[in-house]
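So the sequence shown is residues 1 to 115, counted in this note's numbering. Even for Gly, the Cβ is constructed at its ideal location relative to N, Cα and C. Just so it is clear, the structure is predicted and the values come from calculations on it, not from any experiment.
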Amino acid sequence: MVKKKLNSLSDLGFVFSTNNNEDFSNQEEKENLENKQQFLEAHFSNKGRGGKTVTIIKGFIGLDEDLKALGKMLKQKCGVGGSVKDGEIIIQGNFRTKIIEILKKENYNVKRIGG
(Lines of atoms letter the chains of each structure in order from A; the text may use other names.)
(Lines give C-alpha, C1' and ligand atoms only; values in the text may rest on other atoms or scores of the structure.)
Protein backbone atom coordinates (compact mmCIF):
# COMPACT_ATOMS: atom_id res chain seq x y z
CA MET A 1 0.00 0.00 0.00
CA VAL A 2 1.36 3.38 -1.00
CA LYS A 3 1.30 5.98 1.76
CA LYS A 4 0.20 9.43 0.73
CA LYS A 5 2.30 12.33 1.94
CA LEU A 6 0.32 14.90 3.91
CA ASN A 7 1.09 18.55 3.27
CA SER A 8 -0.94 19.90 6.18
CA LEU A 9 -3.46 18.85 8.82
CA SER A 10 -6.25 20.17 6.59
CA ASP A 11 -5.59 17.13 4.36
CA LEU A 12 -6.99 15.05 7.23
CA GLY A 13 -10.14 17.15 7.40
CA PHE A 14 -9.20 19.14 10.51
CA VAL A 15 -9.97 22.83 10.80
CA PHE A 16 -8.02 24.89 13.30
CA SER A 17 -8.88 28.44 14.36
CA THR A 18 -7.66 30.87 16.98
CA ASN A 19 -10.91 32.84 16.72
CA ASN A 20 -12.94 32.25 19.88
CA ASN A 21 -16.10 33.60 18.23
CA GLU A 22 -16.14 31.07 15.37
CA ASP A 23 -19.24 28.85 15.25
CA PHE A 24 -18.38 25.32 14.11
CA SER A 25 -21.72 23.76 15.11
CA ASN A 26 -23.24 23.66 11.62
CA GLN A 27 -20.19 22.45 9.71
CA GLU A 28 -21.63 19.06 8.76
CA GLU A 29 -25.41 19.34 8.92
CA LYS A 30 -27.10 16.77 6.76
CA GLU A 31 -30.22 17.67 4.89
CA ASN A 32 -33.28 15.46 5.23
CA LEU A 33 -34.65 14.26 1.94
CA GLU A 34 -38.27 13.25 1.47
CA ASN A 35 -38.99 9.52 1.32
CA LYS A 36 -39.66 9.57 -2.43
CA GLN A 37 -36.29 11.28 -3.05
CA GLN A 38 -34.34 8.60 -1.15
CA PHE A 39 -32.67 5.83 -3.14
CA LEU A 40 -31.99 2.91 -0.80
CA GLU A 41 -30.23 -0.38 -1.50
CA ALA A 42 -31.26 -3.67 0.12
CA HIS A 43 -28.27 -6.02 0.48
CA PHE A 44 -28.03 -9.58 1.79
CA SER A 45 -24.85 -10.60 3.60
CA ASN A 46 -23.39 -13.28 5.81
CA LYS A 47 -19.71 -12.38 5.55
CA GLY A 48 -17.85 -11.53 8.74
CA ARG A 49 -20.75 -12.48 10.97
CA GLY A 50 -19.99 -16.08 11.81
CA GLY A 51 -22.31 -17.40 9.09
CA LYS A 52 -25.31 -15.45 10.39
CA THR A 53 -27.38 -13.86 7.64
CA VAL A 54 -28.34 -10.19 7.75
CA THR A 55 -30.16 -7.71 5.54
CA ILE A 56 -28.38 -4.38 5.14
CA ILE A 57 -30.08 -1.18 4.02
CA LYS A 58 -27.67 1.40 2.57
CA GLY A 59 -27.97 4.82 0.99
CA PHE A 60 -30.07 6.75 3.52
CA ILE A 61 -29.42 10.50 3.40
CA GLY A 62 -30.50 12.47 6.43
CA LEU A 63 -30.18 12.86 10.17
CA ASP A 64 -28.98 10.02 12.36
CA GLU A 65 -32.18 10.24 14.43
CA ASP A 66 -34.30 9.61 11.33
CA LEU A 67 -32.09 6.68 10.30
CA LYS A 68 -32.48 5.17 13.78
CA ALA A 69 -36.26 5.68 13.65
CA LEU A 70 -36.43 3.94 10.25
CA GLY A 71 -34.30 1.07 11.59
CA LYS A 72 -36.55 0.71 14.63
CA MET A 73 -39.67 0.63 12.46
CA LEU A 74 -38.17 -2.05 10.19
CA LYS A 75 -37.09 -4.18 13.16
CA GLN A 76 -40.58 -3.97 14.68
CA LYS A 77 -42.38 -4.85 11.45
CA CYS A 78 -40.06 -7.82 10.83
CA GLY A 79 -40.13 -8.89 14.49
CA VAL A 80 -36.34 -9.29 14.68
CA GLY A 81 -33.30 -7.54 16.10
CA GLY A 82 -30.78 -5.38 14.39
CA SER A 83 -28.75 -2.21 14.67
CA VAL A 84 -27.84 1.04 12.95
CA LYS A 85 -24.11 1.52 12.31
CA ASP A 86 -22.10 3.75 9.98
CA GLY A 87 -25.16 5.00 8.11
CA GLU A 88 -26.47 1.47 7.49
CA ILE A 89 -29.44 -0.39 8.92
CA ILE A 90 -28.58 -4.00 9.77
CA ILE A 91 -31.54 -6.37 10.24
CA GLN A 92 -30.92 -9.90 11.53
CA GLY A 93 -32.03 -12.57 9.07
CA ASN A 94 -32.91 -12.63 5.39
CA PHE A 95 -35.91 -10.29 5.26
CA ARG A 96 -34.92 -8.46 2.09
CA THR A 97 -38.19 -8.95 0.17
CA LYS A 98 -40.33 -8.03 3.19
CA ILE A 99 -38.21 -4.94 3.90
CA ILE A 100 -38.43 -3.85 0.25
CA GLU A 101 -42.24 -4.10 0.41
CA ILE A 102 -42.35 -2.13 3.68
CA LEU A 103 -40.08 0.61 2.32
CA LYS A 104 -42.05 0.90 -0.92
CA LYS A 105 -45.26 1.38 1.11
CA GLU A 106 -43.44 4.24 2.90
CA ASN A 107 -42.68 5.78 -0.56
CA TYR A 108 -38.93 5.00 -0.56
CA ASN A 109 -37.17 4.05 -3.80
CA VAL A 110 -35.55 0.69 -3.03
CA LYS A 111 -33.28 -1.42 -5.21
CA ARG A 112 -32.49 -5.07 -4.56
CA ILE A 113 -28.72 -5.60 -4.71
CA GLY A 114 -27.16 -9.05 -5.15
CA GLY A 115 -28.61 -12.57 -5.46
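_CB of residue 99 within 8 Å of CB of residue 54, strictly_ = No. Outside cutoff.
*Would you grab the beta carbon distance between residue 95 and residue 80 for me? Rounded to a whole angstrom, and I think it's under 8 Å.*
Correct: roughly 7 Å between the Cβ atoms.
*Whose C-alpha, out of 20, 18 and 42, is nearest the C-alpha of residue 74?*
Considering only 20, 18 and 42, the residue with the shortest C-alpha distance to residue 74 is 42.
_Euclidean distance between Cα positions of residue 32 and residue 38_ = Using only the alpha carbons, I get a separation of about 9 Å.
*Look at residue 56 and residue 40 and say whether their C-beta atoms are less than 8 Å apart.*
In this structure, the beta-carbon distance from residue 56 to residue 40 does not fall below 8 Å.
*Between which two residues does the alpha helix (DSSP H) harbouring residue 76 extend?*
That run of the alpha helix (DSSP H) goes 64-78.
_For a quick check, are the C-beta atoms of residue 21 and residue 108 less than 8 Å apart?_
Going by C-beta atoms, residue 21 is not nearer than 8 Å to residue 108.
*Ignore the nearest five residues each way along the sequence and tell me which others in residue 82's own chain have a CB closer than 6 Å to its CB.*
Cβ within range, chain order: 75, 90, 91 and 92.
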